[in-house]
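Notes to accompany the following structure.
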Amino acid sequence: MIARVTVDAAVNRLFDYLVPEPLRGRVVPGTRVRVPFGPRTVTGYVVEVGEDRSNRSDRTYDPPDLFGLDVAPRQLKSVLSIVGEHPFLTEPLLKLLQWLADYYCAPLEAAIRSALPAPVRATGARQKAQLFVEVVASQICQTGQPRPTPPTLTRRQAELLARIRQVKGGWAATLCREFKCTPELLRKLAAAGAIILESRPMRRDPMANRAVLPTQPLPLMPEQATAMEQVKALCDSPDPRPLLLLGVTNSGKTEVYLQGIAHVLAQGRGAIVLVPEIALTPQTVQRFAGRFGPQVAVLHSALSDGERYDEWHRIRTGEARVVVGPRSAVFAPVTRLGLIVVDEEHEPSYKQDEAPRYNARDVAVMRGRIEHCAVILGSATPAMESWHNAQRGKYALARMLRRVDDRPRPTVRIVDMRIEMARAGHVQVFSAALLDAIQDRLSQGEQVILFLNRRGYATSLQCPCCGYVATCEACDVAFTYHQADTCLRCHTCGDFQQVPAVCPGCSDPAFKYAGFGTQRVEAILHKCFPKAQVARMDADVTARRHSHDEILGAFRTGRTDILIGTQMIAKGLHFPSVTLVGVLAADMSLHRPDFRAGERTFQLLAQVSGRAGRGDIPGEVIIQTYTPAHPAVVAAETADFEAFSVAELADRRSGGFPPFARLVCLTLRGASAEKVAFVAGKLAERLKELTRGARPAAVENSGAGAPAPASAVDVSDAIPSPRAKAKGEFRYQILLRSVAVQNILDPLRRAMADAKLPADVLLAVDVDAVNIM
Ligand code: ADP
Ligand code: ZN
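Quick note on my numbering: the sequence shown kicks off at 18 and runs consecutively.
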């Protein structure tokens with residue numbers, strides 16, 4: 018018997034090993050094994066097992082054909098041992114990862130690494146055992162009267178024993194903390210026979226110390242009920258289509274998810290809920306834990322290693338049947354999977370920005386297909402790709418366009434900042450309309466959220482005399498000035514330095530702070546509303562663990578009046594007494610050199626607006642912009658996704674962009690600009706050669722001429738990336754477009770196989786890229 022193994026030393030190849038007699042039957046696909054590898058012993062995962070070459074199954078992943086070499090199987094080395102009691106990967110998961118590695122052009126080892134949390138992969142990781150104190154049974158009388166204390170105990174020991182009996186034992190560490198005693202004292206009690214001390218596995222529970230209020234299923238609103246019928250039908254179908262749930266903010270999507278999960282749990286199946294990392298707040302987790310209690314496991318990078326290890330194994334053993342987590346939770350080892358929910362399915366954070374560059378939403382759809390389980394993609398502003406799939410029937414569609422209890426949508430006011438600027442004679446952070454509205458809400462005792470997707474104080478530090486701008490040399494971008502620690506920070510590489518005392522260019526001491534970020538807005542608010550409590554939430558203040566919870570907690574309980582924040586506060590938060598939301602600079606995301614700029618802006622505005630008026634008082638949204646006529650801004654006024662999608666899809670179609678074409682973005686980077694440009698140019702040339710003969714996929718002037726052949730690939734020239742330099746490296750990109758992604762992948766793999774990239778030029782392949790910066 019032979020096992021084909023992917024070894025952890027990332028070599029992008031599979032190796033064959035003999036399975037020795039004693040391990041037969043225990044070595045199955047997904048089993049983790051130790052194998053000899055050159056002079057070393059390494060670990061790896063079994064991908065397939067077979068008796069001989071005729072036993073091989075079809076694979077999408079294409080390893081060198083070792084079975085076909087003239088090496089007789091008996092000359093193969095043997096598997097040394099098995100790691101762990103059970104296989105780390107189930108067969109369907111392994112199949113999913115093989116697809117993923119293939120589709121996203123990444124090594125299988127890298128795909129497996131993404132799927133297994135580091136603490137689980139770490140050899141030697143195991144459950145933690147802790148001392149547990151048990152009250153000796155005979156010490157408690159049937160009548161409930163405590164037995165007399167053993168006479169050998171001191172007074173202090175006797176007191177402690179009485180209290181331990183009262184609480185009927187518990188974890189030693191907890192008792193020591195509560196009763197202010199030492200483990201030594203407990204040991205003495207044990208020696209006297211008054212208690213039993215034993216080592217027990219302790220679950221490291223990320224939800225410990227959080228009060229979770231149990232909730233019951235709510236009677237559904239009509240639209241929810243219709244959506245729920247669809248969800249149930251899909252869950253019961255042997256081969257369901259994914260369902261796109263278009264539900265405006267506050268339409269009660271989560272309740273539909275919860276009842277869908279309850280439905281599959283009742284069938285003895287499990288569920289996975291993906292949420293964007295940013296939305297993975299205790300608030301979100303509690304909504305699931307409140308309904309399903311300890312059946313819920315959380316997978317989150319902010320958990321301690323021990324917590325992640327335990328949570329993963331609780332899922333693996335089936336103790337936890339509902340998993341809530343960010344993108345990597347799509348690989349959670351849930352067996353008998355009944356439902357995957359992808360909340361806020363349009364979120365760019367579902368895309369991993371290192372190899373394998375997978376999109377968890379698309380992986381969820383593929384996992385659903387492999388495991389025949391239902392998939393719900395939920396959003397108020399779906400990605401154009403998903404919307405297009407729903408329009409052409411590839412996905413089922415459910416609409417929930419009314420807010421729960423039919424609360425009115427907040428009124429949206431667009432403020433033209435060009436007029437404000439003309440009036441004031443210079444750039445304004447706040448319009449008069451927004452300042453008035455804030456004043457008004459504060460005087461009513463209501464709360465305000467202000468949104469600005471830029472942290473720091475000023476976007477640049479400039480010398481008014483010579484025009485010098487403080488710039489990060491490694492990235493060629495202006496430093497952002499941070500007032501909190503009076504330093505200049507590069508938002509690309511994180512590098513920072515002190516503000517120079519005088520201009521390095523002309524020695525003038527007077528700097529000008531241009532542009533504004535959240536810190537500056539905070540400072541202005543303090544000046545304008547000295548009595549208001551202002552809090553700021555952005556990556557600079559939430560770096561500390563728990564600070565996130567503290568800031569939101571203070572806001573929820575009304576200790577803060579105004580919350581200013583970046584995209585961190587745009588989603589998922591539910592504060593009933595917020596009645597005003599202000600968007601300070603709606604244009605910021607609009608003018609990026611990215612065909613999705615309009616879509617992103619609309620999504621952001623719709624999402625931010627959804628934070629207003631979640632309680633009984635109608636909400637108001639004020640959007641400040643320099644381009645009030647842009648379709649994304651106009652559509653935000655009515656928050657009409659479908660109206661926006663009509664204009665946006667027409668644009669995409671005429672430009673030949675997704676969802677009407679598939680897009681692969683190649684980025685080459687290296688320290689030498691010339692070398693990167695040269696290598697990128699050669700690669701583009703080679704790709705053009707390999708795809709020649711077919712007309713470009715982009716439909717240039719629709720109507721004229723015959724449509725492009727279905728196999729056509731449009732290969733761009735190698736050009737500097739929009740972010741041309743970062744962290745000291747120069748970046749070039751090549752964009753590949755075609756109607757079918759396979760048209761791109763086949764020549765791309767060939768080009769990558771023959772291209773001998775120099776060691777100092779790195780190539781990143783991004784299939785279905787969402788960020789082309
Ligand atoms: P969404 O996820 O679509 O933004 P939520 O699921 O968060 O909406 O629901 C918004 C609020 O409405 C929540 O407080 C939720 O408890 C409540 N809610 C949802 N469905 C119902 C219902 N059928 N009846 C009463 N309240 C509901
Ligand atoms: Zn930098």
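Virtual Cβ for every residue (Gly too), placed ideally from N, Cα, C.
As the structure is a prediction and not an experimental result, all values here were calculated from the model.
> If H499 sits next to Q536, beta carbons under 8 Å apart, how far is it from one beta carbon to the other, in whole angstroms?
Replying inline: A Cβ-Cβ separation of about 7 Å places H499 in contact with Q536 under the 8 Å criterion.
Exercise. When the Cα of Q620 is compared with those of R435, A26, S564 and T398, which residue comes out closest?
Worked result: Measuring from the Cα of Q620, the nearest candidate turns out to be T398.
For A296, which of D566, G210, D557 and P236 has the nearest alpha-carbon? Closest by alpha carbon: D566.
Can you check whether the CB of E362 is closer than 9 Å to the CB of A400? The answer is yes: Cβ separation under 9 Å.
Query raised in the report: What residue from E388, G310, D433 and F572 has the CA that sits closest to Q233's CA?
Result: Of the listed residues, the one whose Cα sits closest to Q233 is G310.
- prompt: Which partner residues does P53 have in the DSSP bridge list?
  reply: As DSSP reads the structure, P53 sits in a beta bridge with T58.
Short check: CB of Q147 to CB of S254, under 9 Å? Cβ atoms of Q147 and S254: not closer than 9 Å.
Would the beta-carbon of L291 fall within 9 Å of that of P343?
Taking 9 Å as the cut-off, the Cβ atoms of L291 and P343 count as close.
- Query: What's the gap between the Cα of G67 and the Cα of H508?
  - Reply: Near 52 Å, if we compare the C-alpha coordinates of H508 and G67.
Review point. At a cut of 8 Å, does the segment 387-396 reach the segment 251-265 through at least three beta carbon pairs?
Key: Flag = yes, the segment 387-396 and the segment 251-265 touch.
Does any heavy atom of the ligand ADP sit closer than 8 Å to the C-beta of P299?
Flag unset: Cβ of P299 not near the ligand ADP.
- Using only alpha-carbon positions, find the residue among A531, N788 and I466 that is nearest to R573. Nearest neighbour of R573 by Cα position, chosen from A531, N788 and I466, turns out to be I466.
So the candidates are K94, V756, L505 and V421; which of them puts its Cα closest to the Cα of S268? Ranking K94, V756, L505 and V421 by Cα distance to S268 puts V421 first.
>> Within the continuous alpha helix (DSSP H) that includes M245, where are the two ends?
In response: Following the DSSP letters along the chain, one finds M245 inside the alpha helix (DSSP H) bounded by residues P239 to D253.
Check your understanding: Relative to the alpha-carbon of G287, which residue among R353, S403 and R617 has its alpha-carbon at the smallest distance?
Key -> Nearest in C-alpha terms to G287, of all of R353, S403 and R617, is R353.
Reduced DSSP category for Q284 - H, G, I as helix; E, B as strand; rest coil
Coil.
For R430, three-class secondary structure by DSSP: Secondary structure of R430 (DSSP, three-state): strand.
**OP:** Jot down the residue ranges of each uninterrupted alpha helix (DSSP H) in the segment 186-225, minimum 4 residues, whole runs only, in chain order.
**Re:** The segment 186-225 contains these whole alpha helix (DSSP H) runs: 189-196 and 200-208.
Do V24 and G61 count as a contact pair if the criterion is CB distance below 9 Å?
The answer is yes: Cβ separation under 9 Å.
Residue range of the beta strand (DSSP E) that G582 falls in? Segment I579 to G582, the beta strand (DSSP E) holding G582.
| message | Looking at the ligand ADP, does it come within less than 8 Å of G307, judged from the CB to the closest heavy atom? | response | Because no heavy atom of the ligand ADP lies under 8 Å away, the Cβ of G307 does not count as near it: no.
**Asked** Buried or exposed: which applies to D555, given that a residue is buried once 16 or more other Cβ atoms fall within 10 Å of its Cβ?
**Response** By the 16-neighbour rule on beta-carbons within 10 angstroms, D555 is buried.
Quiz prompt | Beta carbon of R740 nearer than 9 Å to that of V693 | solution = Contact: no.
Between F468 and I639, what straight-line distance do the alpha-carbon atoms span, to the nearest angstrom? Their Cα atoms are separated by approximately 10 Å.
Query raised in the report: What is the C-beta distance between L597 and R458, in whole angstroms, given that I count them as a contact (C-beta under 8 Å)?
Result: By a beta-carbon distance limit of 8 Å, L597 contacts R458. Their separation comes to about 5 Å.
Residues that C504 bridges to, as DSSP identifies them: DSSP, once it has assigned bridges, lists H499 and Q515 as partnering C504.
**Q.** Proximity below 9 Å, CB of R472 to CB of G570
**A.** No, the Cβ-Cβ distance between R472 and G570 is not below 9 Å.
Self-check item: Residues near A118 in its chain [Cβ-Cβ closer than 8 Å; skip 5 each side]
Solution: Only Y78, P124, L125, A127, A128 and P373 meet the Cβ criterion.
* Bridge partners of Q479, per DSSP? -> Paired residues: V486 and K529.
If you reduce the DSSP assignment to three classes, tell me which class V784 lands in. Looking at V784 - three-state DSSP - the assignment turns out to be strand.
Quick check: is the beta carbon of A549 nearer than 9 Å to any beta carbon in chain B?
Considering every chain present, this structure includes no chain B. It has just one protein chain.
**Prompt:** Below 9 Å between beta carbons: does that hold for T428 and E746?
**Reply:** Taking a C-beta distance under 9 Å as the contact criterion, T428 and E746 do not qualify as a contact pair.
Terminal residues of the beta strand (DSSP E) in which Y749 lies = Membership of Y749 in the beta strand (DSSP E) is indicated by the continuous run E746 to S755.
Through-space distance from K368 to R613, alpha-carbon basis: Taking the straight line joining both Cα atoms gives about 15 Å.
Among G575, A242 and L752, nearest to Y274 - alpha-carbon criterion: The shortest C-alpha separation from Y274 is found at A242.
For D453, which residues does DSSP report across the bridge?
-> Note: D453 sits in no beta bridge, so no partner.
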